[in-house]
Amino acid sequence: MSGLNIIGAGKVGRVLGRQFFRSAAFRIEQVVNRSLPVASASVAFIGGGHALAGLAHVQAADVTMLSVADDQIEATCDAMAARGLFQPGSVVFHCSGAKASNLLASASAAGASVASLHPVASFADQARLADHFAGTICSLEGDEAALQLLIPALQAVQARVVQISAANKLLYHAGSVFASNYLVTLMETALQAYQAAGIPPDIAKAMAEPLARQSMDNVFQMGTAAALTGPIARGDMATVALQQQVVSAWDANAGNLYQAFTPPSVVLAARKSK
Numbered sequence: 001m002s003g004l005n006i007i008g009a010g011k012v013g014r015v016l017g018r019q020f021f022r023s024a025a026f027r028i029e030q031v032v033n034r035s036l037p038v039a040s041a042s043v044a045f046i047g048g049g050h051a052l053a054g055l056a057h058v059q060a061a062d063v064t065m066l067s068v069a070d071d072q073i074e075a076t077c078d079a080m081a082a083r084g085l086f087q088p089g090s091v092v093f094h095c096s097g098a099k100a101s102n103l104l105a106s107a108s109a110a111g112a113s114v115a116s117l118h119p120v121a122s123f124a125d126q127a128r129l130a131d132h133f134a135g136t137i138c139s140l141e142g143d144e145a146a147l148q149l150l151i152p153a154l155q156a157v158q159a160r161v162v163q164i165s166a167a168n169k170l171l172y173h174a175g176s177v178f179a180s181n182y183l184v185t186l187m188e189t190a191l192q193a194y195q196a197a198g199i200p201p202d203i204a205k206a207m208a209e210p211l212a213r214q215s216m217d218n219v220f221q222m223g224t225a226a227a228l229t230g231p232i233a234r235g236d237m238a239t240v241a242l243q244q245q246v247v248s249a250w251d252a253n254a255g256n257l258y259q260a261f262t263p264p265s266v267v268l269a270a271r272k273s274k
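As structure tokens, this is what we get:
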């Protein structure tokens, strides 16, 4: 069984670490964070490994997972390569959705095989995700030797593996941003609009929740065009224009958002009518 070092013991590192530990896909070795208490808490969450603060005392492992922030991936890899922690036959991968495996150039130069792994999931509730990870789609790109190791490991944790092109990572990740991050922002705008119209916060949530849940259900059951309702779907552009003015007068950012959604919604409505 290959030994795995986890560098960056945040939510992603913890969730993946627990999956790999429970499935025995890897032997968890060192779990590294800048803060020793955080690293220790991560070891407890994962179920195995040895907590370390910083890279000073890290020893080489068969496999290294860099689950650090995107802007720290390259520098962390370079620092570890400079310490001779990568060698031919080892595998190094990072967990960014937007960044490609070419950020790990210093590991490649040392003879390691490199890859990028991205679980397509929300990590807001790490405990729940860790206990319901089976079926999660994980996108993967990188060197063939790295993929030959990581694909069976992901299959062992019952993930669904999708191989993607490094050149398309930013566009691919934008899809996840629209489907998750910006959806949250949109719901915040909806709740604020209700409240600005005089609706108490608890009632605003009670109004938005069934609309949002049913709309999402409709999207995945019926398709996006069929799921679209409201004034644009009805062709009532006069209402859209008046609403645009009212929303912009209330909040300029919300007005810009409303305006930005209008043209693609018109295109979607045209598909609905065909």
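Take the UniProt record's numbering: the last position of the sequence shown gets the number 274, and nothing is skipped along the way.
Even glycine gets a Cβ: it sits at the ideal position worked out from N, Cα and C.
Complete runs of the beta strand (DSSP E) confined to the UniProt domain "DUF2520" (137 to 261) [at least 3 residues]: Counting whole runs of 3 or more residues, the UniProt domain "DUF2520" (137 to 261) contains the beta strand (DSSP E) stretches 137 to 142, 160 to 163.
Ranges of the alpha helix (DSSP H) found wholly within the segment 19 to 87, counting only runs of at least 4: The qualifying runs are 36 to 46, 73 to 82.
Exposed unless 16 or more other CB atoms sit within 10 angstroms - verdict on Val184: Burial call: exposed.
DSSP three-state assignment for Ser101, whether helix, strand or coil: Under the three-state reduction of DSSP output, Ser101 falls in the helix class.
Residues near Thr64 in its chain [Cβ-Cβ closer than 6 Å; skip 5 each side]: So the qualifying residues of the chain are Asn5, Val92.
Nearest-angstrom Cβ-Cβ length linking Ser23 and Ala225, presumed shorter than 8 Å: Actually they are not in contact, since the Cβ atoms of Ser23 and Ala225 sit about 40 Å apart, beyond 8 Å.
Contact belief for Gly8 with Val68 at Cβ below 8 Å, rounded distance in angstroms: Indeed, because the Cβ distance is near 4 Å, the residues count as touching under 8 Å.
Glu29 versus Leu16: straight-line alpha-carbon distance, rounded: Take the alpha-carbon of Glu29 and the one of Leu16: they are about 14 Å apart.
Touch test, the segment 75 to 86 against the segment 137 to 149, Cβ-Cβ under 8 Å, three pairs minimum: Fewer than three beta-carbon pairs drawn from the segment 75 to 86 and the segment 137 to 149 are found closer than 8 Å, and the two stretches are therefore not classed as touching.
Three-state secondary structure assigned by DSSP to Gly17: Gly17 falls in the helix class under three-state DSSP.
CA-to-CA distance, Ala241 to Gly235, given in whole angstroms: Cα to Cα, Gly235 sits roughly 12 Å from Ala241.
Reduced DSSP category for residue 277 - H, G, I as helix; E, B as strand; rest coil: Shown here, the chain extends from 1 to 274; a query on residue 277 therefore has no answer.
Pro200, buried or exposed, once every other Cβ within 10 Å from all chains shown has been counted against 16: Pro200 comes out exposed.
Opening and closing residue of the beta strand (DSSP E) in which Val91 lies: Boundaries of the beta strand (DSSP E) harbouring Val91: 91 to 94, taken from the DSSP string.
Spatial neighbours of Lys99 in its chain, beta-carbon cut-off 8 Å, leaving aside the 5 residues before and after: Same-chain partners within the cutoff: Asp70, Ile73, Ser116, Lys169.
Supposed close pair Ser90, Ala112 - CB separation, criterion 8 Å: Confirmed, about 4 Å.
Same chain, Cβ closer than 6 Å to Asn218, five either side skipped, listed in chain order: Excluding five sequence positions before and after Asn218, the CB atoms of its chain that fall closer than 6 Å to its own CB belong to Ala227, given in chain order.
Test item: CB-CB of Leu268 and Thr189 under 8 Å: No.
Candidates Gln158, Ala109, Ala124, Tyr172, of which the one nearest Asp143 by Cα: Among Gln158, Ala109, Ala124, Tyr172, the Cα nearest to that of Asp143 is on Ala109.
Ala79 versus Val38 - alpha carbon distance: About 21 Å.
Distance, Ser165 Cα to Val177 Cα: Distance between the alpha carbons of Val177 and Ser165: 18 Å.
Distance between Phe20 and Pro152 (C-alpha atoms, nearest Å): Each residue's alpha carbon lies about 11 Å from the other.
Those residues which DSSP pairs with Pro119 across a bridge: For Pro119, the pairing in a beta bridge is given by DSSP as Cys138.
Nearest to Gln158 (by Cα), restricted to the options Ala146, Lys272, Gly135, Gly175: Checking every option, the nearest Cα to that of Gln158 belongs to Gly135.
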